[in-house]
Each structure stands twice: as C-alpha cells, then as structure tokens.
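Asker: In our numbering, the protein residues as written are 7 to 221.
Below is a structure I'd like to ask you about.
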C-alpha cells in the first residue's frame, strides 16, 4: 500500500483531477475499487490528487513528451525512460515503459536486454548511445563524458539532445517518487534487510566465529 492517503472520488473538487478519474476509472471510486485498464492499481493518480496543481503539472509533463512537436524518435525516447526506471529500481516506471516500447514495435529481445544493454548485441549504434547517455543521467547523476555528447551529435541536433535529457530526467524523478511513496508496482518493502544468524552466534564479526572441526 502507498504510504500516503489516497483521495477518494467524493473528495475531488478539481475539474482536471475529476476528468482523469472519469477517464481512467469510469464511475468507480478508485480508492474503493482500484484498477486501470493497463493492469495497474491506479494509486499514482489518487496520491497525486492530494495536490491538484502538482497533479496538473505532472500530467502536463506527459503531454510534453507525447507532443507531436517532439523531434526525437519515440523509440529512442522510450529507451531512455525505460532505462531510467530500471536504474532507479522502479518496477512501475520500468514495467510501464517496457509496454510502451512493445507498442512501438520494439523487439522482445531489445526489451529484455535493457537491464544488460552494455553486453547485448541487439542494439544499433544510436540506441547504444542513448542508453549510455541515459545511464549518465540516471546512474551517474549527470556526469557525462564529452565522448558521449560527441556520439549523440552524430545523429541529433542540440534541440533533440535537450528533449531527450529533459524527458529522461523527468522519468528519473517519477521513478524516485513512485518508489519513495510506494505507489503502484513499487508498493513493497525494501528487500535489503538483515538475514538472521544461526542461533547462538554472538561473534563480533564472521572472521572471529568459531570454526567447525573436520570430521
């Protein structure tokens, strides 16, 4: 479950939020009867509804990257969004954008290889370049070698590089927020926890533990 309160339909007064509730959930209350056509719980929408102006800002961001005025190849754009989701460990962002890639006709091999693109042979030079740049943005926090820009500039102009940068960083942010607030497919406990030692173990560290004697 998300860590924040979800906004039921009965509390929604903002027209934009209500329009999205109707579009995605019909006449249902998405808190009492969750679920969207894409198979998600839908609590991204009911959490963002806590702040209608932030809700509008977020959905306007969706419109920005879908705008026909965008000049970058949508497949290259989606590779960046999907890789950002994987790098940030957001199952929601990663999973949703795998579906978007599939909808654009990207092969199953390429989708399955996003996690290990560095050693995959299925990507062309442009795809490898944008995946490398996505890693610089999401994994290296914006630390980008000049050689990466040199490669990008062989097929993109400055406007296109800026578009990709903005959209990839936008989805890096979405991945972080979704994980932090445990929304959608990221509603799970952190898997990194202590594994209990055998009963009776009280050594200060594993090297000072008593050794078993050979039989």
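Note that the Cβ used here is the ideal one computed from N, Cα and C, for glycine as well.
Where does residue 172 sit, in a helix, a strand or coil, going by DSSP?
Answerer: helix
Asker: At what residues does the alpha helix (DSSP H) containing residue 207 begin and finish?
Answerer: Taken as a continuous stretch (DSSP letters only), residue 207 belongs to no alpha helix (DSSP H), as it is neither H nor E.
Asker: Identify which residue in 9, 34, 50, 21 has its Cα closest to the Cα of residue 190.
Answerer: 50
Asker: Check this for me: beta carbons of residue 61 and residue 54, under 9 Å apart or not?
Answerer: yes
Asker: Contact between the stretch 169-182 and the stretch 107-117: three or more CB pairs below 8 Å?
Answerer: no
Asker: Near residue 67, what residues of its chain come up, given a Cβ to Cβ distance below 7 Å and the 5 sequence neighbours on each side ignored?
Answerer: 176
Asker: Please determine, among 149, 185, 9, the residue with the shortest C-alpha to C-alpha distance to residue 197.
Answerer: 185
Asker: What residue from 20, 173, 145, 88 has the CA that sits closest to residue 119's CA?
Answerer: Cα-wise, what sits closest to residue 119 is 88.
Asker: Which residue's Cα is closest to the Cα of residue 85: 113, 133, 34?
Answerer: When each option's Cα is compared against that of residue 85, the closest is 133.
Asker: Measuring alpha carbon to alpha carbon, tell me which residue in 174, 164, 43, 56 is nearest residue 13.
Answerer: If we check each option's Cα against that of residue 13, 56 comes out closest.
Asker: Near residue 103, what residues of its chain come up, given a Cβ to Cβ distance below 8 Å and the 5 sequence neighbours on each side ignored?
Answerer: The answer, listed in chain order, is 84, 87, 88, 91, 177.
Asker: Quick one: using the 10 Å Cβ neighbour count with 16 as the cut-off for buried, is residue 201 buried or exposed?
Answerer: exposed
Asker: Smallest Cα separation from residue 9: which of 204, 52, 122?
Answerer: 52
Asker: So which of 28, 161, 44 has the shortest CA-CA distance to residue 136?
Answerer: 161
Asker: Residue 145 to residue 174, Cα distance in whole Å?
Answerer: 12 Å
Asker: Spatial neighbours of residue 46 within its chain, please: C-beta separation below 6 Å, excluding the five flanking residues on both sides.
Answerer: 190
Asker: Would you mind listing the alpha helix (DSSP H) stretches within the stretch 139-171 that are 4+ residues and don't spill past its ends, in chain order?
Answerer: You should have 152-158.
Asker: By Cβ distance, which residues of its chain are closer than 6 Å to residue 93, with the 5 residues on each side in sequence left out?
Answerer: In its chain, beyond the 5 residues on either side, 144, 145 have a beta carbon closer than 6 Å to the beta carbon of residue 93.
Asker: What is the residue span of the alpha helix (DSSP H) that residue 112 lies within?
Answerer: Run containing residue 112: none; DSSP gives neither H nor E here.
Asker: By the DSSP assignment, the alpha helix (DSSP H) with residue 92 in it spans what residues?
Answerer: Its alpha helix (DSSP H) spans residues 80-93.
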